[in-house]
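*Asks:* To start, I am sharing the structure in question, which I have written as C-alpha cells.
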Amino acid sequence: MIQFKEEHWELLFNSIDEGFCIIEMIFDEQEKPIDYRFLVINSSFEKQTKLNNAVGKRMREFAPNHEEHWFETYGKIALTGESVRFENYAEQLNCWYDVYAFRFGDPKNLQVAILFNNITERKQSEEQIKLLNKELAERVCQLEFANKELDAFSYSVSHDLRAPLGILNSFIKILADELSGNLTEEISYILGVMNSTSQKMENLIKDMLVFSHISKSEIERKEINTQQIVNNIVEDFCKQHFVEKTIFKIGDLPPSNGNSSMLNQVWTNLISNAYKYSKKKSPQTIEIGSKQNVEETTYYIKDNGVGFDMQSHQKLFGIFQRLHSDSEFEGAGIGLAIVQRIITRHEGKVWADAKVNEGATFYFTIPA
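Heads up: the sequence shown begins at 1 in full-length UniProt numbering, then just goes up one per residue.
If you want it as C-alpha cells, here you go:
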C-alpha cells in the first residue's frame with residue numbers, strides 16, 4: 001500500500017486545476033452566518049477567483065456586498081454536515097462557479113472545504129447559444145410565415161388569372177378564325193405574339209399552382225422504379241419536341257423511396273432544363289446517372305450546354321430567379337424552385353456545378 005507523506009498531499013493539492021479552499025464560518029449571536037475566513041487555499045485558487053493573499057482574510061474584506069446565499073449555503077453545511085453541489089453567480093466577482101462543498105474536520109470547528117471551477121466562459125457560451133437559438137427560432141417562424149403567405153398568394157393569383165386568361169385565349173381564337181381569309185403578314189405576326197404570350201402566361205400559372213401544391217401535399221413514400229420513370233420521361237420528351245440528334249446517355253439508376261408524382265416532376269424539370277440550355281450545341285449530349293452509398297442515392301443530370309457562372313449559384317433555386325435573359329432562353333424561373341422544394345420535402349439536397357460555355361450538372365439526393 002502506498003504511504004502518502006505530507007509533501008505528496010501538498011503536491012497533489014497544488015497540481016489540480018480546480019480551485020480549493022478551507023474556510024471557517026463566522027456566525028452572529030443568532031447563529032446566522034455572516035462571513036467566513038479563508039484558512040487554506042491551493043495554487044489554482046487565485047486564478048479561479050482573482051482574490052490575492054486570501055489566507056487569514058474574511059470574504060467581506062474582498063466583497064462587502066457578497067450575496068447572502070453563499071453564507072447561508074456554507075453555514076448550513078458547517079452546521080448539518082450535508083455536502084452540496086451547485087452552480088451559482090458571484091456578482092461582485094463577476095463570475096459563475098461550479099461548486100462542491102463539504103464539512104471539514106471536527107464539527108465544532110465550523111470549517112467547510114470547497115472545491116470549485118470558474119465556469120464563466122461556459123455560461124457565457126450557453127447564453128450565446130440560447131440567444132442564437134432564439135434568433136433562429138424567430139427567423140424560422142418568419143420564414144414559415146413568408147412561405148405560407150407566398151403559397152397563398154401563388155394559389156390565389158393563379159386561380160384569379162385562369163378565368164381572364166381563358167377568355168383572352170377564346171378571343172384570340174375567334175379573331176384568328178374571323179381573319180383567316182384576310183391575314184396580312186403584320187396581323188399574322190401580332191396574333192402569333194398574342195398566342196405565344198398567352199401560352200407563356202398559361203405555363204406560368206400552371207407552374208405556380210404546382211409550386212403552391214407541393215407545400216400542401218402529403219408525401220406518400222414508396223419504392224419507385226427510377227430507371228423506368230426516367231426512360232419514360234426521355235421517350236415522351238423526345239416525341240413531344242421531335243428530338244432526333246440529342247444524345248441521351250442513361251446510366252444505372254437504382255430505385256428511390258419517395259412520392260412518385262413529385263419525383264416524376266423533378267426528373268421532368270431537370271431533363272427539360274438540360275435540353276433547353278444545351279440545344280444549341282452540336283452534338284448535344286445529356287448524361288443521366290447516379291452514385292449510391294448506404295445512407296442515400298445521389299442522382300445527376302449533366303449537359304454540355306451554356307452553363308453558368310457559379311458566383312450566381314445562390315439565385316439558381318429561387319422562385320422567379322433566372323441566370324439568362326428571356327430572349328436567350330424562355331422560362332418563368334419556377335422550374336428549379338419546384339425541384340428544390342420537392343427534394344427538401346423528401347429530406348434530400350439539391351445543388352449544381354457548372355462553368356460558362358462548358359455545361360452544367362445538377363445533383364440531388366434521396367435518403368435510403
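Backbone N, C-alpha and C fix where the C-beta goes; we use that ideal spot for every residue, glycine too.
Please read all numbers here as calculations on a predicted model, not as lab measurements.
Put V193 into one of helix, strand or coil per three-state DSSP.
*Replies:* Secondary structure at V193: helix, using DSSP grouped into helix, strand and coil.
*Asks:* Beta-carbon within less than 6 Å of F27's beta-carbon, same chain only, minus the 5 sequence neighbours each way: which residues are those?
*Replies:* P33
*Asks:* From M25 to Q111, what distance separates their C-alpha atoms?
*Replies:* 6 Å
*Asks:* On the three-pair Cβ rule with 8 Å, is the stretch 118-129 touching the stretch 72-86?
*Replies:* no
*Asks:* On the three-state DSSP scale, how would you describe D236?
*Replies:* helix
*Asks:* Classify I2 as helix, strand or coil using the three-state DSSP reduction.
*Replies:* Residue placement at I2 is flagged as unreliable, the pLDDT there being 42, under the threshold of 50; a coordinate-derived value is accordingly withheld.
*Asks:* Kindly list the residues whose CB is nearer than 7 Å to the CB of E202, restricted to its own chain and excluding five residues on each side of it in sequence; keep chain order.
*Replies:* The beta carbon of E202 lies closer than 7 Å to those of L165 in the same chain, with the five residues before and after it left out.
*Asks:* Whole angstroms are fine: how far does the CA of Q199 sit from the CA of N182?
*Replies:* 24 Å
*Asks:* Compare the C-alpha of F62 against each of Q92, F45, I342 and I77 and name the closest.
*Replies:* Q92
*Asks:* Can you tell me whether DSSP reads K32 as helix, strand or coil?
*Replies:* coil
*Asks:* Expressed to the nearest angstrom, what Euclidean distance is found between the alpha-carbon atoms of N357 and G307?
*Replies:* Rounded to the nearest whole angstrom, the C-alpha separation of N357 and G307 is 5 Å.
*Asks:* Should Q284 be listed as close to the ligand ZN, given that the test is whether its C-beta is under 8 Å from any heavy atom?
*Replies:* The ligand ZN is not part of this structure, which contains no ligands at all.
*Asks:* Taking only three categories from DSSP, how would you classify N94?
*Replies:* It is coil, neither helix nor strand.
*Asks:* How about R37 and K57: do their beta carbons lie closer than 9 Å?
*Replies:* With contacts defined by Cβ atoms closer than 9 Å, R37 and K57 form a contacting pair.
*Asks:* How is P107 classed by DSSP in three states: helix, strand or coil?
*Replies:* helix
*Asks:* Measuring only the C-alpha atoms, how far is G251 from L143?
*Replies:* 38 Å
*Asks:* Give the range of the beta strand (DSSP E) segment to which N257 is assigned.
*Replies:* S256 to G258
*Asks:* Whose C-beta lies closer than 6 Å to the C-beta of N169 among residues of the same chain, with five residues either side of it excluded?
*Replies:* S198
*Asks:* Kindly give me the distance between the Cβ atoms of I301 and L270, rounded to whole angstroms, as I take these residues to be in contact under 8 Å.
*Replies:* Contact check for I301 and L270: beta-carbon distance about 5 Å, within the 8 Å limit, so the pair qualifies.
*Asks:* So, is L316 buried or exposed, given that buried needs 16 or more other C-beta atoms within 10 angstroms?
*Replies:* buried
*Asks:* Determine the burial state of F20: buried for a count of at least 16 other Cβ atoms within 10 Å of its Cβ, exposed for fewer.
*Replies:* Under a 10 Å Cβ-count criterion, F20 is classified as buried, with 16 or more other Cβ atoms of the shown protein chains found around its own Cβ.
*Asks:* Going by the DSSP bridge assignment, what does V350 pair with across the sheet?
*Replies:* F364
*Asks:* Would the beta-carbon of N259 fall within 9 Å of that of I233?
*Replies:* no
*Asks:* Counting along the chain, where does the beta strand (DSSP E) carrying Y300 start and finish?
*Replies:* E296 to D303
*Asks:* I think D98 touches R60, with their Cβ atoms under 8 Å apart; what is that distance to the nearest whole Å?
*Replies:* That pair is no contact at about 23 Å.
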